[in-house]
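Residue numbers (the working numbering): 5 to 234. Using N, Cα and C, we set each Cβ at its ideal position, and we do this for glycine too. Source: prediction; values computed, not measured. The structure appears below as structure tokens.
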């Protein structure tokens with residue numbers, strides 16, 4: 005799965021902010037990826053000691069959610085750590101891992117924010133636009149916005165709002181665990197994104213594509229397809 009070339013990567017932070025503001029207008033906030041046969045999940049880990057970033061991408065079949073492909077890539081993170089600009093630090097190595105995929109996913113879960121971002125252009129939106137594929141931002145913490153309390157039952161959610169704009173959903177994916185912050189990445193509607201997150205949950209806080217990508221990025225998942233994962 006190859007990414008389009010929309011901008012250079014070796015740029016100062018101020019230029020990265022300008023690019024985010026420009027490209028955010030191109031994010032499509034509607035759509036449904038149906039029919040879906042393959043779902044991807046991406047995640048990344050960065051060594052504090054070496055600065056080496058390890059990205060992983062997993063492909064699962066749907067509706068079985070069987071793990072059928074795992075790819076990874078490693079490189080030194082070149083862009084500085086700047087809150088709100090993490091996609092410029094993390095996306096290049098994620099793209100490198102995804103270029104190795106033998107299959108093109110119909111839907112992609114990204115660990116991080118989509119439009120639930122100060123400039124409405126988090127890493128899920130950035131990658132979605134680069135690949136021009138439906139993407140969902142599935143984050144474990146909130147970057148911006150406010151929300152009412154979330155119900156305690158699995159499937160309960162409330163809107164994440166900033167300055168009167170709905171930018172995501174705060175979703176209880178499992179009882180008695182902290183909620184997830186779900187947002188549009190690209191080419192998907194928010195209600196559809198919430199539905200797909202719930203469709204892919206199998207008793208864990210994270211949906212399976214995100215959970216297995218997290219394990220793979222941390223080296224806790226074998227780099228060979230294994231039936232029965234999850």
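field: Best match in 160, 56, 55, 82 for proximity to residue 13 [C-alpha to C-alpha]
entry: 82
field: Minimum length 4: unbroken alpha helix (DSSP H) runs contained in the stretch 28-67
entry: none
- request: Specify the secondary structure class of residue 141 as computed by DSSP and reduced to three states.
  value: strand
message: Here's the rule: buried if 16 or more other CB atoms are within 10 angstroms of the residue's CB, otherwise exposed. What is residue 25?
response: exposed
Chain-order list of residues whose beta-carbon lies under 6 Å from that of residue 77 (same chain, five-residue window excluded): 59, 97, 100, 101
task: Have a look at residue 211 and residue 196 and give me their C-alpha separation to the nearest angstrom.
output: 14 Å
query: What is the DSSP secondary structure of residue 194, counted as helix, strand or coil?
result: helix
query: Leaving out five residues before and five after residue 136 in sequence, what residues of the same chain have Cβ atoms less than 7 Å from its Cβ?
result: 8
message: Can you tell me whether residue 118 is helix, strand or coil according to DSSP?
response: coil
task: Report yes if the CB atom of residue 176 is closer than 8 Å to the CB atom of residue 189, and no otherwise.
output: no
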